[in-house]
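Visitor:
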DNA sequence: GCGCATCGTTGACACGTGTCACCACAAGCG
DNA sequence: CGCTTGTGGTGACACGTGTCAACGATGCGC
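Chains as they are written, first to last, in my numbering: chain A, 1 to 344; chain B, 1001 to 1344.
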């Protein structure tokens, strides 16, 4: 229900936004002087009284420089583009994002998260290029093509860093090899004597980029042994979980590695409700070491994932921006370690 | 460990980014023509052969327009600024954000999430104003001051919408009254006959903006009754939870409303581990209706929060941008409803 | 009085784009 | 031929900023 707010005396909407020329006029100096003062340009000396006059005038008008004009003149920006995720990311990523942002700001970059929902890979690259970012840090949700990378570089991007599971030609790669996660999990289950291992794949779209490599890792760990690895799908609902649990015995599996702790918790509860003993009849292990996983009984086993720190990545961005022609680096950013608790 | 990537023949880094003038030159036409063709300007007639020549030239050069130059010339942008959260938001918010972004993009806005970590309220407003956004949707994490709002409006923002718990003078308010959440929770507990109610406040910083109003709502619900409402603090760790549980009996409470389901789950488990019966000795209710809350035994009671849809908000943004001088609206965006399960 | 260095300030240009007013040309019409 | 009308295209300006080269004034040394 709309309610009128207290009427404040509105200035006419057509009053133009003040520019540095307005500041100059009010202070009685030239526009050049205004620029020198407000940017603290050290190569030019301006007398103290003038500085004060200019600052006062700027303050009075509420002058704010125009970023677009500034970067147009400068010929470059300090924008680091961070394509926004559309997938439900866990607390691990949130923390990483925040740290990355903080550190980049410390290095005087302007962090811009730019959504690209509903755009194709090359459309997205084109849209990003319009902003003329100095660096792009892609998280692999949009599959940046080599053409996209080249387009970005030609538009002035000095660093294009992909953080996803797969490498992209031309980019400074920072690979997060999600396969390690599946590998550690299955290696652990094998060690525990399990031989018929299900890998829980979420039905939710957008997660394949993470779930597929994890499955591949699981297969790799079982390769050369007599163990069997088989994908099973499940949606993130109670119904789907109990449905899977009711089929459990006919599947003939003795363990399951779930995509992450949330799916693992859901499935474990459903199994228990179907009178299937965990870990006796079914060992369960998740991933990401969610705090909540420790609350269930038995306590959920998990794979702890160690991501690169935001600071580390921020420094890499800065290094590449300063020297784009330096040797491209390839970093492996994930450490994965099975954390056995009671469910496996 | 850095590994050299396959060497691609690099073009010299100093090759300039192609402009519309380059396209014009290559196509053998004027720059004006290029602009008309690439923007499909309907008011001007350009022959089909010329259009083809221009498009081919643009394609060949990999031309991408310069957003800064464009908006400088246009005198305005289509940027909607979405100050980035630094608090760990739940799945509720993630979904809302994504929908909002999607809908704004559909309306041809450019959504930019701009972090303001470590900046004060007015510094942040100034930084935002530099981008000359046409609209700002603040989520109340930065407490936008009336001065900040005015600064933004003077810099060309036609819509400034605050989505936080509190109103800000001059902005088009969309209030999310978090008090309702606490109110519903405590009303439910009272109905169940509880009289000594603890309100769990997170120790983590950044959440006060949400936790304080929820506490206020709890107090409001108990007002005029003989019930007692008392805040207790807890951190999001197992240690902190078990510490609180060990003090439970001396606190003399018979129920607790937790900030959200995660804290509630943590506390409930700790209480059970300390041999305190839930809900017998202590009723527990959380908030946000997390799926995982239904996995514990007893099942966790919660408060389901209904937020505005992203589409609704996107349409409000568009409406205000089109008619900024229309009557400011005030919307209450939250619906809160207690969802009793087994823990209360 | 004259050259010369220093200080404080300024005029002018360039960045890349969109768009208005105008132009050259041809065709149609009396 | 002279005038209008339509077609297809262009020259030039403005948007707001940073910075270079140049300028007048002042002081200093001789």
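The C-beta atom is built at its ideal place from N, Cα and C for all residues, glycine as well.
Give the DSSP-derived three-state secondary structure of residue 1276 of chain B in the structure shown.
Guide: coil
Visitor: CA-CA distance, residue 1195 of chain B and residue 1230 of chain B?
Guide: In a straight line, the C-alpha of residue 1195 of chain B is about 11 Å away from that of residue 1230 of chain B.
Visitor: Quick check: what's the CA-CA separation for residue 1198 of chain B versus residue 1253 of chain B?
Guide: 6 Å
Visitor: Nearest CA to the CA of residue 37 of chain A: which residue from A:58, A:17, A:103 and A:18?
Guide: A:58
Visitor: Look up residue 1004 of chain B in the DSSP assignment and say whether it is helix, strand or coil.
Guide: For residue 1004 of chain B, the predicted structure reports a pLDDT of 34, less than 50, and the residue's modelled location is therefore unreliable. A value from the coordinates is still provided. If DSSP states are grouped into helix, strand and coil, residue 1004 of chain B belongs with coil.
Visitor: Between residue 1274 of chain B and the rest of its own chain, which residues show a CB-CB distance below 8 Å, the 5 nearest in sequence each way excluded?
Guide: Once the five neighbours on either side are set aside, the close Cβ partners of residue 1274 of chain B are 1242, 1245, 1246 and 1248.
Visitor: Looking at the unbroken alpha helix (DSSP H) that takes in residue 1231 of chain B, where does it start and where does it end?
Guide: Not the alpha helix (DSSP H): residue 1231 of chain B falls in the beta strand (DSSP E), residues 1228-1234.
Visitor: The alpha helix (DSSP H) spanning residue 1240 of chain B covers which residue range?
Guide: Per DSSP, residue 1240 of chain B belongs to the alpha helix (DSSP H) from 1238-1246.
Visitor: Using a Cβ-Cβ distance cut-off of 8 Å, determine whether residue 1248 of chain B contacts chain A.
Guide: no
Visitor: If we ignore side chains and look at the alpha-carbon of each, how far apart do residue 162 of chain A and residue 40 of chain A end up?
Guide: 37 Å
Visitor: Residues of chain B with CB under 9 Å from residue 84 of chain A, in chain order?
Guide: What residue 84 of chain A touches in chain B: 1097, 1098, 1101, 1111 and 1113.
Visitor: Between which two residues does the alpha helix (DSSP H) holding residue 146 of chain A run?
Guide: 146-154
Visitor: Under 8 Å Cβ-Cβ, which residues of chain B neighbour residue 399 of chain A?
Guide: Outside the displayed span of chain A (1 to 344) sits residue 399 of chain A, for which this structure offers no information.
Visitor: Ends of the beta strand (DSSP E) at residue 174 of chain A?
Guide: 172-175
Visitor: Give the DSSP-derived three-state secondary structure of residue 107 of chain A in the structure shown.
Guide: coil
Visitor: Assuming contact is defined by CB atoms lying nearer than 8 Å, are residue 1222 of chain B and residue 1190 of chain B in contact in what I supplied?
Guide: yes
Visitor: Hey, residue 361 of chain A and residue 156 of chain A: beta-carbon distance below 8 Å or not?
Guide: With chain A covering only 1 through 344, there is no way to say anything about residue 361 of chain A.
Visitor: Could you give the uninterrupted runs of the alpha helix (DSSP H) lying entirely in the stretch 1060-1138 of chain B, keeping only those of 4 residues or more?
Guide: 1067-1074, 1091-1106 and 1121-1130
Visitor: Can you tell which of B:1239, B:1282, B:1276 and B:1316 has the C-alpha that lies nearest to the C-alpha of residue 1301 of chain B?
Guide: Nearest of B:1239, B:1282, B:1276 and B:1316 to residue 1301 of chain B, Cα basis: B:1282.
Visitor: When Cβ atoms are compared, which residues of the stretch 1054-1068 of chain B fall closer than 7 Å to chain A?
Guide: 1062, 1064, 1065, 1066, 1067 and 1068
Visitor: Could you spell out where the alpha helix (DSSP H) holding residue 28 of chain A opens and where it closes?
Guide: Unbroken run through residue 28 of chain A: none, as it is neither H nor E.
Visitor: Note down, in chain order, every chain B residue with its Cβ under 8 Å from the Cβ of residue 31 of chain A.
Guide: By Cβ distance, chain B contributes nothing, its closest Cβ being about 16 Å from residue 31 of chain A, past 8 Å.
Visitor: Exposed or buried, what is residue 239 of chain A when buried is set at 16 or more other beta-carbons lying within 10 Å of its beta-carbon?
Guide: exposed
Visitor: Residues bridged to residue 202 of chain A by DSSP?
Guide: A:234
Visitor: Just to make sure I have the definition right: I need the residues of chain A whose C-beta is within less than 9 Å of the C-beta of residue 1126 of chain B. Which are they?
Guide: 64
Visitor: Ignore the nearest five residues each way along the sequence and tell me which others in residue 277 of chain A's own chain have a CB closer than 6 Å to its CB.
Guide: none
Visitor: In terms of residues, what are the limits of the beta strand (DSSP E) holding residue 1349 of chain B?
Guide: No answer is possible for residue 1349 of chain B: the residues shown for chain B start at 1001 and end at 1344.
Visitor: In the DSSP assignment, find the alpha helix (DSSP H) that holds residue 1310 of chain B and state where it starts and stops.
Guide: 1310-1322
Visitor: Is there a Cβ from chain B that is less than 8 Å from the Cβ of residue 208 of chain A?
Guide: no
Visitor: For residue 1289 of chain B, is the classification buried or exposed, using 16 other Cβ atoms within 10 angstroms of its Cβ as the cut-off for buried?
Guide: buried
Visitor: Below 6 Å CB to CB, which residues in the same chain sit around residue 279 of chain A once its five sequence neighbours on both sides are set aside?
Guide: 343 and 344
Visitor: Closest to residue 1109 of chain B by C-alpha separation, out of B:1167, B:1322 and B:1326, would be which residue?
Guide: Measuring from the Cα of residue 1109 of chain B, the nearest candidate turns out to be B:1322.
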